[in-house]
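Participant:
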């Protein structure tokens, strides 16, 4: 990749303030007090297509221990996806871990001893098999708070029943006692649009409210992530941001068809386009988003024989997940990380940039127009902060493989240019810009321009300089 930037000075100084044309997308603090998105690993990337030999404590511990030792403590979440719990609750219908797979309290202690966080997976409602059990602290049977069976051998809750919240409370209290730090709440509606023959209720948004209230009552800080491809209308966006820390913007990106490759580029294109829509929507509703987007897992730690991605694609994924203020959760086989993946994931400049974009998620600014449509040749801006600091990403996503939303098929190396007007920024004040990955100073006068082959991107960080 070659970046070509018009030279202002040898030190790359320019002048800039926010234009009236740019509304800065800010993140703020989430409802449960999260200030930066979670980083870590989730098991589903290796579970989904049967890549992992077995989903149990031995195999998960091997992945997470490798993450803690090799990635220098930069990633904390060890996330257990579907399959960690039994098919039925205890005598009060409280979700229980499967002892044949995990000793969850001891596993949590192990994870915490590494400085990590433990995550678990849940879907809406109690088990149908628990209908005749009594909710803890009440005389109410679980069948009394259920409307009907909806799928996953679980019932759709009657959220108006006074003891429904007690069922949530008892589960959150148990999770807190085990040392759970993160809950992934899946198959929430409106959203979860492609769910096969599972008869989801049309609106389970009150499930999110119930879990949020229960977490607050539990006495433990637990991050709540809500999935998947959630409705982004104002009514429901308000509910998600008032009750959760992050929300899935897309469906799964992992490849279900084969053990390898773990991901296909067409799904990455779709994911980035769904984030674009999320960012545009958030900007239209709020001055401060207060909920992080979740773009599902990054498969950037392994070489192409496992991931299906070349180095340019892996960099582009990492840049975009960072820029989006998304959770940086890996789906890779961490026992087989290559040198490039380790260097990428521990890159000081990129992780520092993530701390900035965690507060200022990037938004699309189309080259030549400053619009926000999906484009093969795209520009993004994060910030500027009140200090004037900003981050710019230029990208060439390659031909649209059917899900990118832009429909073009430019081949070969392309020039991607975003002027100050395109970015919504006008020149005023002295700044310095660097290529975040290489650390090189860059000089510019009228904006940013880079020669990018398919799948390539570049990230620039600009701040006040002398």
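Residue numbers (this note's numbering): 839 to 1304. Think of the CB as a built atom: it goes at the ideal place given N, C-alpha and C, for glycine as much as any other residue. This structure is a prediction, so every number in the text was calculated from the model and none was measured.
(1) Applying the criterion that 16 or more other CB atoms from any shown protein chain within 10 Å of the CB defines a buried residue, is residue 1012 buried or exposed?
(2) Might you give, ordered along the chain, the residues of its own chain that have their beta carbon closer than 6 Å to the beta carbon of residue 1052, omitting 5 neighbours on each side?
(3) Quick one: any contact between the segment 1099 to 1106 and the segment 1055 to 1071, if contact means 3 or more CB pairs under 8 Å?
(4) Which ranges does the alpha helix (DSSP H) cover as unbroken runs of at least 4 residues, wholly within the segment 1256 to 1282, from first to last along the chain?
(5) For the alpha helix (DSSP H) containing residue 1149, list its first residue and its last residue.
(6) Give the secondary structure of residue 1045 by DSSP, where H, G and I count as helix, E and B as strand, and everything else as coil.
(7) Between the Cα of residue 1152 and the Cα atoms of 1073, 1164 and 1170, which residue gives the shortest distance?
(8) By Cβ distance below 7 Å, which residues in the same chain neighbour residue 1080 in space, the five residues on each side in sequence not counted?
(9) If residue 1021 and residue 961 are in contact, beta carbons under 8 Å, what's the gap, nearest whole angstrom?
(10) So what does residue 879 bridge to, in DSSP terms?
(11) Mind listing, in chain order, the continuous alpha helix (DSSP H) runs of no fewer than 4 residues lying wholly within the segment 1181 to 1247?
(12) Let me confirm a value: residue 1156 is counted as buried when at least 16 other C-beta atoms fall within 10 Å, else exposed. Which label applies?
(13) Could you tell me the alpha carbon to alpha carbon distance between residue 1027 and residue 1269, rounded to whole angstroms?
(14) Does the beta-carbon of residue 1191, which I'm using as the reference point, lie nearer than 6 Å to any heavy atom of the ligand PLP?
(15) Exposed or buried, residue 1293, counting other C-beta atoms within 10 Å across all chains shown (16 or more means buried)?
(16) Mind checking who residue 1021 pairs with in its DSSP beta bridge?
(17) Just verifying my parser: in three-state terms, what is the DSSP assignment at residue 947?
(18) May I ask you to report which of helix, strand or coil DSSP gives residue 1057?
(19) Tell me whether the segment 1125 to 1134 and the segment 922 to 941 touch, counting them as touching only if at least three CB pairs, one residue from each stretch, are closer than 8 Å.
(20) Which whole-angstrom value describes the C-beta separation of residue 1230 and residue 1298, a residue pair presumed to lie in contact below a C-beta threshold of 8 Å?
(21) Can the beta-carbon of residue 1226 be found closer than 7 Å to that of residue 1092?
(22) Can you tell which of 1111, 935, 1273 and 989 has the C-alpha that lies nearest to the C-alpha of residue 1035?
(23) Where do the N-terminal and C-terminal ends of the alpha helix (DSSP H) with residue 1142 fall, by residue?
(24) Out of curiosity, what's the CA-to-CA distance linking residue 1182 and residue 1003?
(25) Using a Cβ-Cβ cut-off of 7 Å (strictly less than) and excluding sequence neighbours within five positions of residue 902, which residues of its own chain qualify?
(26) Once DSSP output is grouped into helix, strand and coil, what is the label at residue 934?
(27) Would you mind sorting residue 1278 into buried or exposed? The rule is 16 or more other CB atoms within 10 Å of its CB.
(28) So for residue 1174, helix, strand or coil by DSSP?
(29) Kindly identify the DSSP beta-bridge partner or partners of residue 1012.
(30) Exposed or buried, residue 1177, counting other C-beta atoms within 10 Å across all chains shown (16 or more means buried)?
(31) Quick one, which of 996, 1017, 1015 and 897 has its alpha-carbon nearest residue 1041's?
(32) For residue 859, count neighbouring Cβ atoms within 10 angstroms of its own Cβ and tell me buried if that reaches 16, exposed if not.
(33) Out of 963, 1128 and 1145, which has the shortest C-alpha to C-alpha gap to residue 887?
(34) Would you identify the three-state DSSP class for residue 1051, choosing helix, strand or coil?
(35) Please state the DSSP three-state secondary structure of residue 1301.
(36) Return the first residue and the last residue of the beta strand (DSSP E) that residue 988 is part of.
Facilitator: Once the coordinates are examined:
(1) buried
(2) 1006, 1007 and 1010
(3) no
(4) 1258 to 1261
(5) 1149 to 1161
(6) In the structure shown, residue 1045 falls within a helical segment according to DSSP collapsed to helix, strand and coil.
(7) 1170
(8) 869
(9) The Cβ separation is near 11 Å, so there is no contact.
(10) 916 and 1168
(11) If we require 4 residues or more, the alpha helix (DSSP H) runs fully inside the segment 1181 to 1247 come out as 1186 to 1195.
(12) Per the 10 Å Cβ criterion, buried.
(13) Taking the straight line from one Cα to the other gives about 45 Å.
(14) Ligands are entirely absent from the displayed structure, and the ligand PLP is therefore not among its contents.
(15) Flag for residue 1293 reads buried.
(16) 958 and 1062
(17) helix
(18) coil
(19) no
(20) With a contact defined as Cβ atoms closer than 8 Å, residue 1230 and residue 1298 qualify at about 5 Å.
(21) no
(22) 989
(23) 1142 to 1145
(24) 44 Å
(25) 879, 916, 949 and 954
(26) It is coil, neither helix nor strand.
(27) Classification for residue 1278: exposed.
(28) helix
(29) Answer is none; residue 1012 lacks a bridge partner.
(30) exposed
(31) 996
(32) exposed
(33) 1145
(34) Looking at residue 1051 - three-state DSSP - the assignment turns out to be helix.
(35) Residue 1301: strand per DSSP, three-state reduction.
(36) 984 to 989
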